[in-house]
Every structure is written in C-alpha cells, then in structure tokens.
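Accompanying notes for the structure given below.
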Amino acid sequence: MTEYKLTIEHSPHEADVSIIRRGLSAYNVEQVGDDAFYEYAIFLKDDHARINGGAFAELMWGWVGILSLWVARDLRGQGHGGRLLAALEHEAVIRGYTHSFLIAGSFQSAAFFIENGYGVFGKLENYPPGHKLYWLKKENLIEQPHGFAIITNPSEEQLAILRRGV
50 MTEYKLTIEH
60 SPHEADVSII
70 RRGLSAYNVE
80 QVGDDAFYEY
90 AIFLKDDHAR
100 INGGAFAELM
110 WGWVGILSLW
120 VARDLRGQGH
130 GGRLLAALEH
140 EAVIRGYTHS
150 FLIAGSFQSA
160 AFFIENGYGV
170 FGKLENYPPG
180 HKLYWLKKEN
190 LIEQPHGFAI
200 ITNPSEEQLA
210 ILRRGV
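First residue of the sequence shown: 50, per my numbering; consecutive thereafter.
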C-alpha cells in the first residue's frame, strides 16, 4: 500500500504549484463545466510608454474578477483610477460578462470601489491588524459609450444644463 506524507515547502517550484492548479482546474470543469478563462490588463502609460498605473483582471464563469488596480502616487486623485475601472468593466461587457468582484483592504481602495457602485458582501475584521478586508461586487455592468460617463442620479445643476440644451 502506498504511503503518503506531507511536506512543507517555503519556496515551492512553480512546476509543482502548477500541478495543484491544473488538478483544481480539472476538478472545477468536472463540477461546473468548462468556461473560457481570459486574463487582461489595462495600462496607464505616459508619453514615454512608462507604466504609471494599471489594472489586471480575469474573466470566468460570467464574472470579471479584478485582481489589482494601481495608480502611481503622484497621479492619484486625478480620475485615472476611475478611467482604469471603467476600461476594465467596458472590456468585460463587450465580451459578454455582466458581473464583477474583487477583494480590497480598508487601507487600499475599498472606498473607491464603493463610490463606483460596488457593494460589500463580505468583511474580515482585523486583517491586517487594525484594518478590514472587504469582498465587493457589482452586478449588471452596462456598456458605457466609449469616452462618456453614464450619470444615473444627475444633480439639479446637471439637469438644468440638459433642460437648456447645452
């Protein structure tokens, strides 16, 4: 009879980790069927093609999973994060995906995502110590016309401008 033993490896080889990933992937396909897995990234580049921000996501099982979104410190607060998020969502929608989720810490960008229509569906207290970890989602993503923002709750000032036909 074969004997199995556990080993702990602190810097495992990628080839060994790949065996685990492939095994889990095969199991998932058996359980829920195959779905095309697609990764993509959006980059914020300057005139010299240097990356100053970006976002990375994966599409699978009808959802876009946002894995990371980052903007260089000196460019924050200028709308670049919103542009990156809109581009991620736009790419998902044109590929037929209408739901999005992510994980963000209270010290990271959780408030930013909430301001952009994401709702909290899970929270882990004290991770890291003194902070919270949030699971957020946004359902019913809609395709926004390229270069335009859709305003769902216009202010009185915005309505007045529309009424004037400006």
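Even glycine gets a Cβ: it sits at the ideal position worked out from N, Cα and C.
Between which residues of its own chain and residue i is the CB-CB distance below 8 Å, once the five residues before and five after are set aside?
i	result
H148	G111, W112, V113, K186, K187, E188, N189, L190
F86	E107, L108, M109
I68	none
A141	A106, L108, V113, T147, S149, L190
V81	W110
E58	D65
R144	Y87, L108
Under three-state DSSP, which class holds residue i?
i	result
L93	strand
N77	helix
G72	helix
S67	helix
E205	helix
Leaving aside the five residues before and after residue i along the sequence, list all residues of the same chain whose C-beta is less than 7 Å from its C-beta, in chain order.
i	result
L118	A104, G130, L133, L134, S158
L116	F105, A106, E107
Should residue i be labelled buried (16 or more other beta-carbon atoms within 10 Å of its own) or exposed?
i	result
S120	Going by the sequence as given, residue 120 is Val instead of Ser. Buried.
L173	exposed
K156	Here residue 156 is Phe; the residue named in the question, Lys, does not match the sequence. Burial call: exposed.
G128	exposed
L137	buried
T170	Sequence check: residue 170 is Phe here, not Thr. Result: exposed.
L151	buried
G102	buried
A153	buried
R176	Per the sequence presented here, residue 176 reads as Tyr, with Arg not at that position. The residue in question, Y176, is exposed, as its Cβ has fewer than 16 Cβ neighbours within 10 Å.
L73	exposed
L93	buried
Y53	exposed
Y167	buried
Y183	buried
Tell me which residues share the same chain as residue i and place their Cβ nearer than 6 Å to its Cβ, disregarding the 5 neighbours each side in the sequence.
i	result
E88	E107
E164	none
D84	M109, W110
V78	none
V215	Any answer about V215 is weak, because its pLDDT of 41 lies below 50 and its placement is not dependable; what the coordinates show is given next. Correct list: empty, nothing qualifies.
Using 8 Å as the limit for Cβ to Cβ distance, is residue i near chain B?
i	result
A85	As a matter of chain content, chain B is missing from the structure shown, which is built from one protein chain.
Give me the DSSP bridge partner(s) of residue i.
i	result
I115	A106, L151
I100	K94
L88	The residue you asked about is not Leu; residue 88 is Glu in the sequence shown. The partner list for E88 (beta bridge, DSSP) reads E107.
Which full runs of the alpha helix (DSSP H) of 4+ residues lie inside the segment 125-200, going along the chain? Qualifying alpha helix (DSSP H) stretches, in chain order: 129-143, 159-164.
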